[in-house]
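This report refers to the structure that appears directly beneath it.
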Amino acid sequence: MNFAQSLKLNVPKLNFLNFGILGSTIGGVVGAYLLAMLFLTWWWDKEPSQFDVLEVAASRAEMNSVEPVIGYTFAHTNRELAATMLQKRGGFLSNDVFPPGVWMDNIPAWEFGVLLMVRDTARSLRVDLARTQSQSNEEPNLAEAEGKFFYDNSSWIFPASEDEYKAGIEYLEQYLASIANPNNPEAQFYPRADNLQRWLGGVSARLGDISQRLSESVGKRQRDLATFGERNPDQSTPAPSNRETKTPWTQIDDVFYEARGQAWALLHLLKAVEHDFRPVLDDKNALPMLQQIIRDLEATQETVWSPVILNGGGFGFLANHSLVMASYISRVNAAIIEIQQLLEQG
Numbered sequence: 028m029n030f031a032q033s034l035k036l037n038v039p040k041l042n043f044l045n046f047g048i049l050g051s052t053i054g055g056v057v058g059a060y061l062l063a064m065l066f067l068t069w070w071w072d073k074e075p076s077q078f079d080v081l082e083v084a085a086s087r088a089e090m091n092s093v094e095p096v097i098g099y100t101f102a103h104t105n106r107e108l109a110a111t112m113l114q115k116r117g118g119f120l121s122n123d124v125f126p127p128g129v130w131m132d133n134i135p136a137w138e139f140g141v142l143l144m145v146r147d148t149a150r151s152l153r154v155d156l157a158r159t160q161s162q163s164n165e166e167p168n169l170a171e172a173e174g175k176f177f178y179d180n181s182s183w184i185f186p187a188s189e190d191e192y193k194a195g196i197e198y199l200e201q202y203l204a205s206i207a208n209p210n211n212p213e214a215q216f217y218p219r220a221d222n223l224q225r226w227l228g229g230v231s232a233r234l235g236d237i238s239q240r241l242s243e244s245v246g247k248r249q250r251d252l253a254t255f256g257e258r259n260p261d262q263s264t265p266a267p268s269n270r271e272t273k274t275p276w277t278q279i280d281d282v283f284y285e286a287r288g289q290a291w292a293l294l295h296l297l298k299a300v301e302h303d304f305r306p307v308l309d310d311k312n313a314l315p316m317l318q319q320i321i322r323d324l325e326a327t328q329e330t331v332w333s334p335v336i337l338n339g340g341g342f343g344f345l346a347n348h349s350l351v352m353a354s355y356i357s358r359v360n361a362a363i364i365e366i367q368q369l370l371e372q373g
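According to the working numbering, the sequence shown is numbered sequentially starting from 28.
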């Protein structure tokens, strides 16, 4: 036997059958993983249902053996909005770094819309609603809660956004326990007309911004109105008198779902306002207007039957979901401004 024959005998035979089985196994595992991710994406891509603010607040008060005093429903609704944002299907997705959460953008945009309303309401509670006047002491639990809710919503770890928001929820719960405690007169909620007016002013600013961004889905030329009505207008940086504004097509659905989140949160907060500020609203005869606002906000939560957010022209063949949403938001904002004007009157 020569050297070549010996070498041939010692070379192991490759078993191509084993390679085929291994490849099939890997392919099956990868396929199963992708199917699982697709299922979770479908399952998590669901906005939470509406809840009854009075019923949920009363249930929480009964569980804690306290009475739902004036302001309890409004403050608890803000707490419930934050909790729902964290506890819905899939949990909080805005800071996910692993699939499928990292692939998703509609629900994270919705979460951000809710978070904006929670932040603004937490600030209003601290600055206005829980204080007798600007020179009075602020409620310490509300001061802590506001800071927690303003934490970055994209932080995955050290600390995670969810941990900060859970801490904010706990501070709100402590405030709720304080105002419901008859032996603690230091913790208060003041449902005055001026307090409601200031909170509605912040809401109006939010709605004006999101309405403008929704309307920019089709692009438009716009005049610079920053100094409109001023005799001697001035500003820090000169701006062009005309500019073209258009939302990038990759962000149209994000803006739409952010608006859905804001409208969903505001819908619940205004139902709480209807309860806790009812004497003020009755005195100004503003209750019918508020109830109409709530109906318009409920219309913004109708099911979106299209698999994608369409961006047709204003009078084009395809619908434009952003312009439909902007129509509702603008009408709500106009009505809120009217309520503000009623509240200003003596």
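Each residue gets a CB set at the ideal place from its N, CA and C atoms; glycine is no exception.
Put residue i into one of helix, strand or coil per three-state DSSP.
i	result
THR327	coil
THR159	coil
THR52	helix
GLU89	helix
GLY288	helix
GLN77	coil
LYS175	helix
VAL38	Note that VAL38 scores 48 on pLDDT, short of 50, meaning its location in the model is unreliable and no value can be drawn from it.
SER357	helix
PHE66	helix
GLY128	helix
PHE283	helix
ASN122	coil
GLY58	helix
GLU165	coil
GLN215	coil
VAL83	helix
TRP332	coil
VAL154	helix
GLN372	coil
THR264	coil
In terms of DSSP beta bridges, what is residue i paired with?
i	result
ASN338	ASN347
Taking the alpha helix (DSSP H) that residue i falls in, what are its first and last residues?
i	result
MET112	99-114
ALA136	133-151
SER15	A query on residue 15 cannot be resolved here, the shown segment of the chain reaching from 28 to 373 and no further.
Using beta carbons (cut-off 9 Å, strictly below), is residue i in contact with chain B?
i	result
PRO167	Looking for chain B here will not work: only one protein chain is present.
Please list the segments of the alpha helix (DSSP H) lying wholly inside the region 179-211, counting only runs of 4 or more residues, in order along the chain. Entirely contained in the region 179-211, the alpha helix (DSSP H) runs reaching 4 residues are, in chain order, 188-206.
The region 345-355 contacting the region 294-307, beta-carbon criterion three pairs below 8 Å: Between the region 345-355 and the region 294-307 there are fewer than three C-beta pairs closer than 8 Å, too few to call the two in contact.
Cβ contact (3+ pairs, closer than 8 Å) linking the region 210-220 and the region 153-161: Contact between the region 210-220 and the region 153-161 is present, because at least three Cβ pairs lie under 8 Å.
Does the region 234-247 touch the region 168-178, meaning 3 or more C-beta pairs lie closer than 8 Å? Fewer than three beta-carbon pairs drawn from the region 168-178 and the region 234-247 are found closer than 8 Å, and the two stretches are therefore not classed as touching.
Going residue by residue through the region 295-324, where are the continuous alpha helix (DSSP H) segments of at least 4 residues, counting only ones entirely within it? For the region 295-324, whole alpha helix (DSSP H) runs of length 4 or above, ordered along the chain, are 305-310.
Should the region 119-138 be called in touch with the region 220-227, which here means at least 3 C-beta pairs below 8 Å? Under the three-pair Cβ rule at 8 Å, the region 119-138 does not count as touching the region 220-227.
Give a yes or no on contact between the region 95-114 and the region 69-85, applying the rule of three or more CB pairs nearer than 8 Å. With a cut-off of 8 Å, the region 69-85 and the region 95-114 count as touching, because enough Cβ pairs lie within range.
Are the region 304-315 and the region 129-142 in contact at 8 Å, needing three or more beta carbon pairs? Contact between the region 304-315 and the region 129-142 is absent: fewer than three C-beta pairs spanning the two stretches fall below 8 Å.
The region 99-109 / the region 142-153 touching (three or more Cβ pairs under 8 Å): Yes, the region 99-109 touches the region 142-153.
Okay, do the region 229-241 and the region 357-368 touch, 3+ Cβ pairs below 8 Å being the bar? Yes: the two stretches touch, three or more of their Cβ pairs being nearer than 8 Å.
Any contact between the region 284-292 and the region 136-144? By contact I mean 3 or more CB pairs, one from each, below 8 Å. The answer is yes - the region 136-144 touches the region 284-292, with three or more Cβ pairs under 8 Å.
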